[in-house]
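Residues in the sequence shown are numbered from 1 upward in steps of one, following the UniProt record's numbering. Shown next, in structure tokens, is the structure this report addresses.
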Amino acid sequence: MPLEQLPAELLLQIALHLPDSSTPSHLKNLSLASRALRPIAQEALFTTAKLCICCGCHPKINALIKLLRTTLERPDLACKVKSLRFRAVRKPVDKLYTEQGLDLADLRDRCILKLEELGFQQTHPWWRSINNSIESSFGGLLLALLPQLTEIDFWVKDHQRGPPSSECISGLWGGTSPPKSVLHNWKNVNRLITGDTSMLKCGIHFKSLSALDLRTISIGTVLRLNGPGSLQGAENITDLALTASIQFADKDLIEKAEIEFGGLLEALACRVLKSLKISLINDGYNIDDALIPEFNGGYFLSQLYTVQDTLESLAIKIETTDNNEELEWMLEMFHPPNWSPVDFPTLKSLTIPEVFLFTSSMPYSWDMPPKLEQLDLLWPSEVVENWIQGFIGPTQPLPLPKPQTEQLKKLPRSFQKLILTCLDDVGVEAAYFADDVSDIFCVLWGTCNVVTEIYDQARNTREILHLQYKHDDDSEDDHSEDNDGEVKDDDDNSDKRATIILALLKQRFNLDPNGLTVAQLAAELRFDLQQVQKTVEGLHRAGRILAPTGLGEGSRVQFVNTTANMLYLGLMIQGHLPRTSHGGTSVDEQPGEHACIDNFPKGAGSDGALEDDDGTDEEMPDLEPVVSVLAGPRVAPLSRVGLITETAVLRFVRQCGPLNHLGVTYQDIATSLGTDYDEIATRMDSLCRAGYVRAADDKAYFVSENDELLREDLGHSIY
Numbered sequence: 001m002p003l004e005q006l007p008a009e010l011l012l013q014i015a016l017h018l019p020d021s022s023t024p025s026h027l028k029n030l031s032l033a034s035r036a037l038r039p040i041a042q043e044a045l046f047t048t049a050k051l052c053i054c055c056g057c058h059p060k061i062n063a064l065i066k067l068l069r070t071t072l073e074r075p076d077l078a079c080k081v082k083s084l085r086f087r088a089v090r091k092p093v094d095k096l097y098t099e100q101g102l103d104l105a106d107l108r109d110r111c112i113l114k115l116e117e118l119g120f121q122q123t124h125p126w127w128r129s130i131n132n133s134i135e136s137s138f139g140g141l142l143l144a145l146l147p148q149l150t151e152i153d154f155w156v157k158d159h160q161r162g163p164p165s166s167e168c169i170s171g172l173w174g175g176t177s178p179p180k181s182v183l184h185n186w187k188n189v190n191r192l193i194t195g196d197t198s199m200l201k202c203g204i205h206f207k208s209l210s211a212l213d214l215r216t217i218s219i220g221t222v223l224r225l226n227g228p229g230s231l232q233g234a235e236n237i238t239d240l241a242l243t244a245s246i247q248f249a250d251k252d253l254i255e256k257a258e259i260e261f262g263g264l265l266e267a268l269a270c271r272v273l274k275s276l277k278i279s280l281i282n283d284g285y286n287i288d289d290a291l292i293p294e295f296n297g298g299y300f301l302s303q304l305y306t307v308q309d310t311l312e313s314l315a316i317k318i319e320t321t322d323n324n325e326e327l328e329w330m331l332e333m334f335h336p337p338n339w340s341p342v343d344f345p346t347l348k349s350l351t352i353p354e355v356f357l358f359t360s361s362m363p364y365s366w367d368m369p370p371k372l373e374q375l376d377l378l379w380p381s382e383v384v385e386n387w388i389q390g391f392i393g394p395t396q397p398l399p400l401p402k403p404q405t406e407q408l409k410k411l412p413r414s415f416q417k418l419i420l421t422c423l424d425d426v427g428v429e430a431a432y433f434a435d436d437v438s439d440i441f442c443v444l445w446g447t448c449n450v451v452t453e454i455y456d457q458a459r460n461t462r463e464i465l466h467l468q469y470k471h472d473d474d475s476e477d478d479h480s481e482d483n484d485g486e487v488k489d490d491d492d493n494s495d496k497r498a499t500i501i502l503a504l505l506k507q508r509f510n511l512d513p514n515g516l517t518v519a520q521l522a523a524e525l526r527f528d529l530q531q532v533q534k535t536v537e538g539l540h541r542a543g544r545i546l547a548p549t550g551l552g553e554g555s556r557v558q559f560v561n562t563t564a565n566m567l568y569l570g571l572m573i574q575g576h577l578p579r580t581s582h583g584g585t586s587v588d589e590q591p592g593e594h595a596c597i598d599n600f601p602k603g604a605g606s607d608g609a610l611e612d613d614d615g616t617d618e619e620m621p622d623l624e625p626v627v628s629v630l631a632g633p634r635v636a637p638l639s640r641v642g643l644i645t646e647t648a649v650l651r652f653v654r655q656c657g658p659l660n661h662l663g664v665t666y667q668d669i670a671t672s673l674g675t676d677y678d679e680i681a682t683r684m685d686s687l688c689r690a691g692y693v694r695a696a697d698d699k700a701y702f703v704s705e706n707d708e709l710l711r712e713d714l715g716h717s718i719y
């Protein structure tokens, strides 16, 4: 079927996939292709009118003048415009336009006739503004003639090279209020980008407004507010962007002015705000000034109290005029913060300069919003590694010994990604983290499934740190060969590799229960294939993975269980095990409680064997500290073969989660709980008869909880 024979609705949908009026060449060519396609192309071209914005240093004929001329000639096209972007200056432009070949007099006369049709006579300031060829007043007429607008992005400037005006209404319409057509037509506007709060004070009923972007918020803006709820139309917005003066972070200055940034949010009265973006600009300080400001990020963030209960995304950035020296100076002026992110109970994404969270000159705080999923730290310093270590504890050797710090904190269970946004000459460069990746980031990923990404602002590149980790086994200095030529792997490296391989298999289990091949593991993790093969063999011997088709390079291995290191550290991070001090006394418990934690193994290889202080090997890691949590208090911590209750076994089978459809072997249960096969078989027989588990081919499948587990759940057990 020829293109021209398609229904007009389909042709319009096709045309709307072409670039809009910001790059209009494709739609222009489509309009010239045939008479049948011209109406479709014109409608698509006018639906989104993103007018070109010229440089203020070299002003040209404003594109809004040309669009206004077309609108006066083709009123039918005015009804097609739904999205409009323009900038205008409150200056006479007739001389400028004449110099550039446009006779403005004819258009000006037609605009005056249109104004008189709308009821604005010679005595009205708007009539006089157009008669004086004030450019912004032509923009006001354009807004009045477009009845179907849903998105508006406009500024009025007082000077060609100036910022958005703090009072745009008189620049558009001459007086202090918009015409009735604007009051009526803007009821469908759902996105508004403008200079300051003027448009929210003139009686326009923004019934559909959901996104608001205000580009000029100064101390004067807040001084001119009339209290809570005094700005009309922002009650139901979900997305708010503000470009504000960094003076709002100068606590002494703001307190002397007897205002606060929170006053603006109170005036907006946002009830369901989900996303808040704040760009701080330097509009009042100079690096060479004798007066040195004192910025306080914690004080500034405390001003967000009116929206903290609904926010899901918060981004705070500092904008400069491509001057890294100025940005670095501004960051140095920030004092240690004194706020707690936990005050944002629903926050999922946080983008914030590092100095707003912690500095090297203050005690670290690891409090995080309880539902946080992603943290983007802007311009980090070296101390960020120390801050991360507060969540994961010491990183070597692996498996970890008992924690050596009383400051170990919990990461939110929902936390998935940490982004470090670096800029040359501000903080540390991206190469500091990417060229020699610290163990910290591998442990953070391997034990917490948290990906750390480096974003280099100057080069616009991104890297995942744990994938860039340079393993010791990649260096000639870090491995040796025995007499037979076989590469011998360091125990610490093997432990790290085992932890990371298990973490990847666990992450991929829900996507592909069949697992990954050894070659896929090596390729994805960028590990040496021979070392991965050796580690996989050790994990299989330890019962941590399944290998249904063997252990060849192309064989698939599947996640079964977690290593002692992952299990111990994961439970510690989640708060399920008490933190201990150097002496072994729990920080959270009284002396003597959970004493078995002091016996956690000091080192383990990939095959699961432990090396004692005297160099002897034991068959398996001592998992009693972990089992005491997994299996409950009825597991006797006196020997590896403790008294395993039916509830302890049932709890473990249930804990395996997504593995239930594959089943868990009796031997895996026995190994993990530190008992023997016969003990597990006895408990399983009883559980099967009661209907709590199903057994087949020496495997157990979870069916339901028994009364004791149900009581634990109702009593808010950790499981």
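The beta-carbon is built from N, C-alpha and C at its ideal position, and this holds for glycine as well.
* **Selection from Asp-495, Cys-442, Ile-419 and Leu-141 that minimises the alpha carbon distance to Thr-461** => Minimum Cα distance to Thr-461 is reached at Ile-419.
* Rounded C-alpha distance that separates Arg-236 from Thr-47 -> In the sequence as displayed, the identity of residue 236 is Asn instead of Arg. Cα to Cα, Asn-236 sits roughly 25 Å from Thr-47.
* On the premise that Phe-300 lies in contact with Phe-344, defined as a C-beta separation below 8 Å, what is that separation, rounded to the nearest angstrom? -> About 14 Å separates the two Cβ atoms, so there is no contact after all.
* Locate the alpha helix (DSSP H) running through Tyr-299, then write down its first and last residues. => Tyr-299 -> alpha helix (DSSP H) spans 297–302.
* Asked: For Gln-389, which of helix, strand or coil comes out of DSSP?
  -> Residue state, collapsed to three classes: helix.
* Asked: Excluding five sequence neighbours on each side, which residues of the same chain lie with their C-beta closer than 8 Å to the C-beta of Leu-183?
  -> Gly-203, Ile-204 and His-205
* For the beta strand (DSSP E) containing Lys-410, list its first residue and its last residue. => From DSSP, Lys-410 is part of no beta strand (DSSP E); its letter is neither H nor E.
* Asked: Going by the C-beta, is Ile-246 closer than 7 Å to any heavy atom of the ligand SAM?
  -> This structure does not include the ligand SAM; it has no bound ligands of any sort.
* Candidates Leu-273, Asn-449, Ile-246 and Ile-669: closest to Tyr-285 by CA position -> Ile-246
* According to DSSP, is Glu-99 helix, strand or coil? -> helix
* Which term fits Cys-422, buried or exposed, when burial requires 16 or more other beta carbons within 10 angstroms of its beta carbon? -> buried
* To do: Out of Lys-348, Asp-456 and Asp-425, state which residue places its alpha-carbon closest to the alpha-carbon of Gln-416.
  => Lys-348
* Asked: Buried or exposed: where does residue 720 fall if 16 or more other Cβ atoms within 10 Å of its Cβ makes it buried?
  -> Coverage of the chain is limited to positions 1 through 719, which leaves residue 720 absent and any answer about it impossible.
* Asked: Opposite Ala-695 in the DSSP bridges: which residues?
  -> Ala-700
* Asked: Three-state secondary structure (DSSP) at Ala-8?
  -> helix
* Counting only runs that start and end within the segment 86–171, where is the beta strand (DSSP E) found for 3 or more residues in a row? -> 151–157
* Can you tell me whether DSSP reads Glu-319 as helix, strand or coil? -> Here Glu-319 sits in strand by DSSP.
* Where does Tyr-285 sit, in a helix, a strand or coil, going by DSSP? -> Note: Tyr-285 maps to coil in three-state DSSP.
* Is Arg-161 buried or exposed, if buried means 16 or more other CB atoms sit within 10 Å of its CB? -> exposed
* Asked: Are there three or more Cβ pairs, one per stretch, closer than 8 Å when the segment 526–535 is compared with the segment 493–500?
  -> Yes, since at least three Cβ pairs between the segment 526–535 and the segment 493–500 fall closer than 8 Å, the two stretches touch.
* List the residues that DSSP assigns as beta-bridge partners of Pro-353. => Paired residue(s): Leu-378.
* For Ala-431, count neighbouring Cβ atoms within 10 angstroms of its own Cβ and tell me buried if that reaches 16, exposed if not. => exposed
* Asked: Of all Cβ atoms in chain D, is any one closer than 8 Å to the Cβ of Tyr-677?
  -> In the structure shown, chain D cannot be found, because there is only a single protein chain.
* Asked: Excluding sequence positions up to five away, which residues of its chain have a Cβ less than 7 Å from the Cβ of Asp-484?
  -> In this predicted model, Asp-484 has a pLDDT of only 47, less than 50, meaning its place in the structure is not dependable enough to derive any value.
* Are Pro-228 and Asp-196 close, meaning C-beta to C-beta below 8 Å? -> Note that the C-beta distance between Pro-228 and Asp-196 is not below 8 Å.
* To do: Whole angstroms is fine: what's the gap from Leu-11's alpha carbon to Thr-238's?
  => 33 Å
* Buried or exposed by the 16-neighbour rule on C-beta atoms within 10 Å, applied to Arg-689 -> exposed
* Asked: Is it buried or exposed for Gln-308, if we count other Cβ within 10 angstroms and need 16 for buried?
  -> buried
* To do: Give me whichever residues DSSP pairs with Ala-49 in a beta bridge.
  => For Ala-49, which the question treats as bridged, DSSP gives the partners Leu-84.
* Asked: How long is the line joining the alpha carbons of Gln-558 and Arg-541, rounded to whole angstroms?
  -> When rounded, the distance between both Cα atoms is 13 Å.
* For Lys-417, the first and last residue of its enclosing beta strand (DSSP E) -> 417–422
* Beta carbon of Thr-216 nearer than 8 Å to that of Glu-266 -> no
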